[in-house]
Amino acid sequence: MTLSAQEFLQIDFPALLAAVLACAACALVGNFLVLRRQGMMGDAVSHAVLPGIVAGFLIAGTRETMPMMVGALAAAALSGVLIEAVRRLGRLESGAAMGVVFTVMFAAGVVMIEQAAARGVDLDADCVLYGQLETILWLAPTGWGSLLDPAAWAAMPREVVTLAAVFVLCVALVVLFRKELTITTFDPALASTLGIPAGLFHYGVVLLVAATAIAAFEAVGSILVIAMLIAPPAAARLLTDRLGVQLVLSVALGVLAAVAGYGAAAFGPLLLGGEHSLSAAGMIAVASGLILALAALFGPTHGVLGRRRALGRLRGAGAVAAEGRSS
Amino acid sequence: MIDEAIRILTFQAGFNSAVVVAGTAALGLAGGTVGTFLLLRRRALVSDALSHATLPGIAVAFLIGAALGLPGRSLPLLLAGAVASGVLGLLTVQWLVRQTRLTEDSAIGAVLSVFFGLGIVLLSLIQTLELGGQAGLKTFILGQTAAMAQGEAIAIGLLAAGAAATVALLFKELRALAFDPGFAAVQGWPVARLDLALMGLATLVTVIGLQTVGLILVVALLIIPPAAARFWTDRLSVLTIAAAAIGALSGWLGATLSALLPKLPAGAVIVLVAGAIFLVSFLFAPARGLLAVGLRNGRLRLSFAERRALAGLLAGRPVDGPLAWWLGARGFLRDGRLTPRGEVAAKAAERNRRLWDRFLADYPALVPAHANWGVDPIDEVLPGDMVRLLEERALP
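Chains Y and U are the protein sequences, given in the same order. Going by this note's numbering, the first sequence opens with residue 464, and the numbers climb by one from there. Going by this note's numbering, the second sequence opens with residue 1044, and the numbers climb by one from there.
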């Protein structure tokens, strides 16, 4: 297997960078979904944006990102309003309300895509589902030296720049509102008595998740977005009890999943003698699943084995105490 | 076009199309019946994890079939793979919820995306292997009735009918499970096994729905019909039958539409039809629909305001504005004074109010939950001897 520096920097580096940034941003905001028991919100939003993306594309008539993102954001906001309306006015449980809204909106998006295809417009449900990580190219670099060249960095593909901006925005918002986010997540009633608008932060979190997810869709697809919103924060939650540590850890685990998954997808088959690479987005999702499984099994205090060991120790201590009393 | 639609709807457009339409209607019927109990058990979204988790199983089964040299894609093998990995996904969700401190929503989201991601990796692997018959695999994601063979449609119909019949047989047991699992366990029902049976039925519906509706949208067959039926009734037996009917109607109309417009993916069309039925139910259903509830609340508010105004007039407080107009239209008020009819109504309202006040003060523990206190005629709510007792105490 031979891989020149130029090839790596032009093909793999920008894709890897996009994956890492998308995973880090999704993992960071996903923490608040996991802690607020709204894990399915990511799933619902990422299905419900499809008609918005298609509508933005059809109205603008171009493959420009801006109209599609605006359409997606509008669809995400609409789905949030509809879910809340069905839940409150229809008095249905929130899971069922989400299920009704996101399946219908996704179905509408699929039908719109097929209608557009009938009129000769090239749009594919696949690219929304699986993303197009493999098509992100950075043509500027000629060798390792280009990494130090500002002109080469300026030619970085637009997807990577967008994702970097979104990641910075997420970090800034979380750092800025850390106190408010913490208190509204763990005790919304207390937050309200302290004068912090818990409802506003609820919608703020959903909106931030939607914006992050939409920015990441184009590069990595909706499946990976759902995996990254849930799996790294869930794994981090099993490893620590402190919110600050959990936030940092989840981002680190997201980055780890991105690097390991991309590496396995792009270079794994080559090492095994195959010629083609596998789906990188899918492989990153699998890597994040493996990380979650390891955390669930071997997490020191909250992992299954750790808890069993602690229980055993407790039983042993109990037996010793009982013996001491009886003698 | 219209003629064609009517011929397909009435099963006259050739045997094949009739079988596909009937099979899809049976699928909708099964989804509605099984989904009713999933909804009441608050497990609607668990089936979403289940359906996404079938993809890696389908891919592995395809690889096994290719390794064994089976020609093209063998449907029973693919569906067996779907069942295996779907159940594995379900068990993983349960394991995460029971054994770790993760909540159910996180467990569902993680399993759904990771299993689907694995499926995508395997599909991309299959693509590089250049095996025959792999084009059919992608139809499992978004669904396609056009690809359905006669025998497959008949099998789907029979299995769906079997699932619906099982729900009918287990109706009493599932009812106990849905409303009060703790009580059911105390009564000696095998709650864990019933839960397993319910999830087994959901798995069956999901897997036979994969081909028609596709694995992303098959969850809609289990969620939308019972959610729509919920607006029509408060009785479980009626709810189950209504959900089955709505599911069957969605499948029937959706399959017909997609036969007419073969470009459209059948699954999406069926889900949109179900969504339209949901919207109509949400707005206009007489029992819990938005319009009916709004009208009922408005009527209650009006009758309350009317009684207050009448009591006020009796005590000499004048009434004006739209309420005065309304009392005039009812014949209770003329030129700012009570008519004889109005006086009768006002006295009755005043008596009703005093008796209710006395009752609420003296017997707060006996207040019935279903009545509108102070508004409903007390003689119709409380037994006669209680009303006489209240009359002695409250009326001079």
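Beta carbons are placed, not taken as given, at the ideal position from N, Cα and C, and that holds for glycine.
CA-CA distance, residue 1266 (chain U) and residue 529 (chain Y)? Residue numbering aside, residue 1266 (chain U) sits at position 223 when the second sequence is read from its first letter. Residue numbering aside, residue 529 (chain Y) sits at position 66 when the first sequence is read from its first letter. Distance between the alpha carbons of residue 1266 (chain U) and residue 529 (chain Y): 34 angstroms.
Determine the burial state of residue 1406 (chain U): buried for a count of at least 16 other Cβ atoms within 10 Å of its Cβ, exposed for fewer. In the second sequence, residue 1406 (chain U) corresponds to position 363, counting from 1. Counting every other CB atom within 10 Å of its CB across the protein chains shown gives residue 1406 (chain U) a total below 16, marking it as exposed.
What residue from Y:727, Y:782, Y:767 has the CA that sits closest to residue 1168 (chain U)'s CA? Numbered from its first residue, the second sequence carries residue 1168 (chain U) at position 125. Proximity to residue 1168 (chain U) across Y:727, Y:782, Y:767 peaks at Y:727, based on C-alpha coordinates.
Residues of the region 610-640 of chain Y in Cβ contact with chain U at a cutoff of 8 angstroms, in chain order, please. Within the region 610-640 of chain Y, no residue qualifies.
Looking at the unbroken alpha helix (DSSP H) that takes in residue 1330 (chain U), where does it start and where does it end? Taking the second sequence and counting its residues from 1, the one referred to as residue 1330 (chain U) is at position 287. According to the DSSP assignment, residue 1330 (chain U) belongs to no alpha helix (DSSP H), since it is labelled neither H nor E.
Chain-ordered chain U contacts of residue 739 (chain Y) [CB-CB under 7 angstroms]: In the first sequence, the residue the question calls residue 739 (chain Y) occupies position 276. Identification of chain U residues near residue 739 (chain Y) by a Cβ-Cβ cut-off of 7 angstroms yields 1171, ordered along the chain.
Quick check on the burial criterion: 16 or more other C-beta atoms within 10 angstroms. Buried or exposed for residue 1363 (chain U)? Within the second sequence, numbered from 1, the residue matching residue 1363 (chain U) stands at position 320. Of the other Cβ atoms in all chains shown, fewer than 16 fall within 10 Å of the Cβ of residue 1363 (chain U); this residue is therefore exposed.
Quick check: is the beta carbon of residue 667 (chain Y) nearer than 8 angstroms to any beta carbon in chain U? Against the first sequence, residue 667 (chain Y) aligns to sequence position 204. No, no contact with chain U.
Pull up the distance between the alpha-carbon of residue 1197 (chain U) and that of residue 1335 (chain U), whole angstroms please. Reading the second sequence from its first residue, position 154 is the one you call residue 1197 (chain U). Reading the second sequence from its first residue, position 292 is the one you call residue 1335 (chain U). If you draw a straight line from the Cα of residue 1197 (chain U) to the Cα of residue 1335 (chain U), it comes to about 41 angstroms.
From this set, U:1073, U:1192, U:1183, which residue's C-alpha is nearest residue 1062 (chain U)'s C-alpha? Within the second sequence, the letter at position 19 stands for residue 1062 (chain U). It is U:1192.
Would you say residue 464 (chain Y) faces chain U, with C-beta separation under 8 angstroms as the test? Along the first sequence, read from residue 1 onward, the residue named residue 464 (chain Y) stands at position 1. Confidence is the limiting factor: at residue 464 (chain Y) the pLDDT is only 45, short of 50, which leaves the residue's position unreliable and the question unanswerable from this model.
Quick one: does residue 506 (chain Y) have its CB under 8 angstroms from some CB of chain U? The count along the first sequence starts at 1 and reaches residue 506 (chain Y) at position 43. Output row for residue 506 (chain Y): interface = yes.
Are the C-beta of residue 1145 (chain U) and some C-beta of chain Y separated by less than 8 angstroms? By one-based count along the second sequence, residue 1145 (chain U) stands at place 102. Yes, residue 1145 (chain U) counts as interfacial toward chain Y.
Report the three-state DSSP secondary structure of residue 1273 (chain U) (helix, strand or coil). As a first step, residue 1273 (chain U) is located in the second sequence; it is residue number 230 there, counting from the start. In the structure shown, residue 1273 (chain U) adopts coil according to DSSP, grouped into three states.
Let's test the definition: count the other Cβ atoms within 10 Å of the Cβ of residue 1060 (chain U) and tell me whether it reaches 16, buried, or not, exposed. Residue numbering aside, residue 1060 (chain U) sits at position 17 when the second sequence is read from its first letter. The residue is buried, with at least 16 neighbouring Cβ atoms inside 10 Å.
Between residue 744 (chain Y) and chain U, is any beta-carbon pair separated by less than 8 angstroms? Along the first sequence, one-based indexing puts residue 744 (chain Y) at 281. It does; some Cβ of chain U falls within 8 angstroms.
How should residue 1340 (chain U) be labelled, buried or exposed, when 16 other C-beta atoms within 10 angstroms of its C-beta is the threshold for buried? In the second sequence, counting from the first residue as 1, residue 1340 (chain U) sits at position 297. With fewer than 16 other Cβ atoms from the protein chains shown falling within 10 Å of its own Cβ, residue 1340 (chain U) counts as exposed.
For the putative contact between residue 505 (chain Y) and residue 692 (chain Y), defined by C-beta atoms under 8 angstroms, what is the C-beta separation to the nearest angstrom? Counting from 1 along the first sequence, the entry for residue 505 (chain Y) is found at position 42. Counting from 1 along the first sequence, the entry for residue 692 (chain Y) is found at position 229. For residue 505 (chain Y) against residue 692 (chain Y), the beta-carbon gap comes to about 4 angstroms, under 8 angstroms, which counts as contact.
Checking the sheet assignment: what are the DSSP bridge partners for residue 1376 (chain U)? Here residue 1376 (chain U) refers to the residue found at position 333 when the second sequence is read from its first residue. BP columns for residue 1376 (chain U) point to U:1381.
So, residue 1329 (chain U) versus residue 1293 (chain U), is the Cβ gap smaller than 8 angstroms? If you number the second sequence from 1, residue 1329 (chain U) lands on position 286. If you number the second sequence from 1, residue 1293 (chain U) lands on position 250. Taking a C-beta distance under 8 angstroms as the contact criterion, residue 1329 (chain U) and residue 1293 (chain U) do not qualify as a contact pair.
Looking only at C-alpha atoms, which of U:1416, U:1245, U:1101 sits nearest to residue 1263 (chain U)? Locating residue 1263 (chain U) in the second sequence gives position 220, counting from the first residue. Just measuring C-alpha positions, the residue of U:1416, U:1245, U:1101 sitting nearest residue 1263 (chain U) is U:1245.
First and last residue of the uninterrupted alpha helix (DSSP H) at residue 798 (chain Y): Not covered by the structure: residue 798 (chain Y). The range shown for chain Y is 464 to 790.
For the candidate residues Y:536, Y:513, Y:508, Y:538, whose alpha-carbon lies nearest to that of residue 562 (chain Y)? Looking up residue 562 (chain Y) in the first sequence gives position 99. Closest by C-alpha distance to residue 562 (chain Y), out of Y:536, Y:513, Y:508, Y:538, is Y:508.
Length of the line joining the Cα atoms of residue 757 (chain Y) and residue 1282 (chain U): Looking up residue 757 (chain Y) in the first sequence gives position 294. Looking up residue 1282 (chain U) in the second sequence gives position 239. For the pair residue 757 (chain Y) and residue 1282 (chain U), the Cα-to-Cα distance works out to about 43 angstroms.
Could you please tell me which residues of the region 1284-1307 of chain U, in chain order, have their CB closer than 7 angstroms to any CB of chain Y? Answer set for the region 1284-1307 of chain U: 1306, 1307.
Per-residue contacts from residue 1430 (chain U) into chain Y (C-beta, under 9 angstroms): For the purposes of this step, residue 1430 (chain U) is taken as residue 387 along the second sequence, with counting starting at 1. Proximity of chain Y to residue 1430 (chain U) at the Cβ level (cut-off 9 angstroms) is not reached, the minimal Cβ distance being about 34 angstroms.
Since residue 411 (chain Y) is in the alpha helix (DSSP H), which residue starts that stretch and which ends it? Lying before the first or after the last residue shown, residue 411 (chain Y) is absent from chain Y, which here runs from 464 to 790.
Could you say if the region 611-630 of chain Y and the region 466-482 of chain Y meet the contact criterion of at least three C-beta pairs nearer than 8 angstroms? Cβ pair count under 8 angstroms is three or more, so yes.
Can you tell which of U:1276, U:1312, U:1272 has its C-alpha closest to the C-alpha of residue 1296 (chain U)? For the purposes of this step, residue 1296 (chain U) is taken as the residue at position 253 of the second sequence. For the residues U:1276, U:1312, U:1272, the minimum Cα distance to residue 1296 (chain U) belongs to U:1312.
Cα-Cα separation between residue 1394 (chain U) and residue 1431 (chain U), rounded to whole angstroms: Position 351 of the second sequence, counted from the first residue, corresponds to residue 1394 (chain U). Position 388 of the second sequence, counted from the first residue, corresponds to residue 1431 (chain U). For the pair residue 1394 (chain U) and residue 1431 (chain U), the Cα-to-Cα distance works out to about 12 angstroms.
Same chain only: Cβ atoms within 7 angstroms of residue 1200 (chain U), ignoring 5 sequence neighbours per side: Looking up residue 1200 (chain U) in the second sequence gives position 157. Cβ within range, chain order: 1065, 1066, 1069.
Is residue 714 (chain Y) closer than 8 angstroms to residue 491 (chain Y) when the C-beta atoms are compared? Within the first sequence, numbered from 1, the residue matching residue 491 (chain Y) stands at position 28. Within the first sequence, numbered from 1, the residue matching residue 714 (chain Y) stands at position 251. Against a cut-off of 8 angstroms, the Cβ pair of residue 714 (chain Y) and residue 491 (chain Y) comes out as a contact.
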